[in-house]
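*Asks:*
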Amino acid sequence: MVRKRALKIVVPLVALFFVAAFAKHRFIDGKIQQVGTLKSRDMDETSGIAASAVNPGLYYVHNDSGDSSRFFAITESGELKSTIKFKGDPKEPLGVRDCEDIAVGPGPVKKKSYVYLGDIGDNSAIRKFITIYRFAENKHWQDAGKTEAVPAVINLRYPDGAWDAESLAIDPLDKLIYIITKRGDSVRVYTSPLVPPAGDTVTLTFRVRLFFAGLKPFKW
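Quick note: the sequence shown, position 148, residue 150 per this note's numbering, numbers continuous.
(1) Excluding five sequence neighbours on each side, which residues of the same chain lie with their C-beta closer than 8 Å to the C-beta of residue 162?
(2) Can you give the beta carbon distance from residue 159 to residue 206, rounded, assuming they're within the 8 Å contact cut?
(3) Going by DSSP in three states, residue 141 sits in which element: helix, strand or coil?
(4) Assuming residue 84 is part of the beta strand (DSSP E), what are its boundary residues?
(5) Does residue 175 pass the burial test, meaning 16 or more other C-beta atoms within 10 Å, or should it be called exposed?
(6) Between residue 179 and residue 169, how many whole angstroms is the CB-CB distance? I'm expecting something under 8 Å.
(7) Give the secondary structure of residue 122 by DSSP, where H, G and I count as helix, E and B as strand, and everything else as coil.
(8) DSSP on residue 206, reduced to helix/strand/coil?
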């Protein structure tokens, strides 16, 4: 009986919490202006997005887990311009396991721009290493249709076990790759050299653990 009464109180409170969070985001934090809609069914579970450095107005997106080794070039309005396929890990049935984020930044060749696709998701925290695929940006991706690209493969391992990561960022000044984990009551930040030794699995450097306000059950 006590448990039923508790549920009658908790459930409405949880619902109220989500409604309040939505209202704050929708009406208090500012107006939302939609500029486009994804127009291809191939992009059915997009996860990351990054702006091209060589084609103004072009953006790169990719799907979450369950998709093959590919990413897309789209316009600001959401029109699909190119599907870029690549050969991923032959041990993975789809070539990749769980791509979570994408970034654009410098790389091994000066004055050239690169796309970094992070196959860094690990829901069960069991992976021995994670992988970042680096592609030299191609001017023709602004309207290439279906095309293929050959990436450089960067394999990374954590120094303290497996983690589920959500975010990837490139620091062009310190020339670092940032990996940010998720789940639990905090996130962990790791870095790797932007251009690690070829062929090696690089051990990431732990930088900091960050805590954010909020209820733990609602943190992802």
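Cβ atoms here follow ideal geometry from the backbone N, Cα and C, with glycine treated the same way.
*Replies:* On the basis of the coordinates in this document:
(1) Residue mapping note: residue 162 aligns to position 160 of the sequence shown, counting from 1. For residue 162, where only same-chain residues beyond five positions count, the Cβ hits under 8 Å are 208.
(2) What you label residue 159 is simply residue 157 of the sequence shown in a count that begins at 1. What you label residue 206 is simply residue 204 of the sequence shown in a count that begins at 1. Their Cβ separation, rounded to whole angstroms, is 7 Å, which keeps residue 159 and residue 206 in contact under 8 Å.
(3) The residue labelled residue 141 in the question sits at position 139 within the sequence shown. The answer is helix: DSSP assigns residue 141 an H, G or I state.
(4) Sequence index remark: in the sequence shown, residue 84 carries index 82 (1-based). It spans 82-87 - the beta strand (DSSP E) in which residue 84 sits, taken as one unbroken run.
(5) Position 173 of the sequence shown, counted from the start, is the residue given in the question as residue 175. Exposed: under 16 other Cβ atoms inside 10 Å.
(6) Residue mapping note: residue 179 aligns to position 177 of the sequence shown, counting from 1. Residue mapping note: residue 169 aligns to position 167 of the sequence shown, counting from 1. Residue 179 to residue 169, Cβ: 11 Å. No contact.
(7) Within the sequence shown, the letter at position 120 stands for residue 122. Three-state DSSP puts residue 122 in coil, outside helix and strand.
(8) As a position in the sequence shown, residue 206 is number 204, starting the count at 1. DSSP places residue 206 in coil when its eight states are reduced to three.
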